[in-house]
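Q: In the numbering used here, each number is its position in the sequence shown, counted from 1, plus 283. Using N, Cα and C, we set each Cβ at its ideal position, and we do this for glycine too.
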Amino acid sequence: MGLPKILVVEDEALMLKALEFRLKKDGYDVYTAKDGLEGMEQINSQRFDLIITDIMMPYIGGLELLSNVRNNRETRDTPVIILSVMGIEQIVLQGFELGADDFVTKPFNLSELSIRVRKYLKQVV
């Protein structure tokens, strides 16, 4: 079956590299996208075991990406963790209403995110 596949969609280059480095170190097959449009292209071309997405991005935002994932028969059960600097309750609630599995406010501890990722991947396997 291979390593669990994770897609990280993040427009902030340093954050994207940090997440990619940590998740690869944790033993995952990590794919990256620098914006929501690129993320959707990857989601439409292959299957992932987990998606981590930022909310505020060019072209397609994280909530729209999440909505597209949940409305697609082939991807609707894929766990999605949302990252955002916006810890505004309304955004958090909207994300959960659209089907987000988790919401992590930036800045966050990479070790904590690593534990959350492991938890969702155990549920998938």
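Are the Cβ atoms of Tyr403 and Pro362 separated by less than 7 angstroms?
A: For Tyr403 and Pro362, yes; Cβs fall inside 7 angstroms.
Q: Enumerate in chain order the residues of its own chain whose CB-to-CB distance from Leu346 is below 7 angstroms, with the five nearest sequence positions on each side excluded.
A: Counting only Cβ-Cβ distances below 7 angstroms, and skipping sequence neighbours, we find Ile338, Gln377, Gly378, Leu381.
Q: Excluding the 5 residues flanking Arg399 on each side, which residues of the same chain have their C-beta closer than 8 angstroms to its C-beta?
A: Cβ within range, chain order: Ile364, Asp385, Val387.
Q: Where do the N-terminal and C-terminal ends of the beta strand (DSSP E) with Phe331 fall, by residue?
A: Taken as a continuous stretch (DSSP letters only), Phe331 belongs to no beta strand (DSSP E), as it is neither H nor E.
Q: Rounded to the nearest angstrom, what separates Val313 and Val291 at their Cα positions?
A: Roughly 7 angstroms separates the two Cα atoms.
Q: For the alpha helix (DSSP H) that Lys308 lies in, which residues bound it at each end?
A: Taken as a continuous stretch (DSSP letters only), the alpha helix (DSSP H) holding Lys308 covers 296 to 308.
Q: Our contact map puts Glu293 next to Leu366 with C-beta atoms below 8 angstroms; I'd like the distance itself, whole angstroms only.
A: Indeed, because the Cβ distance is near 7 angstroms, the residues count as touching under 8 angstroms.
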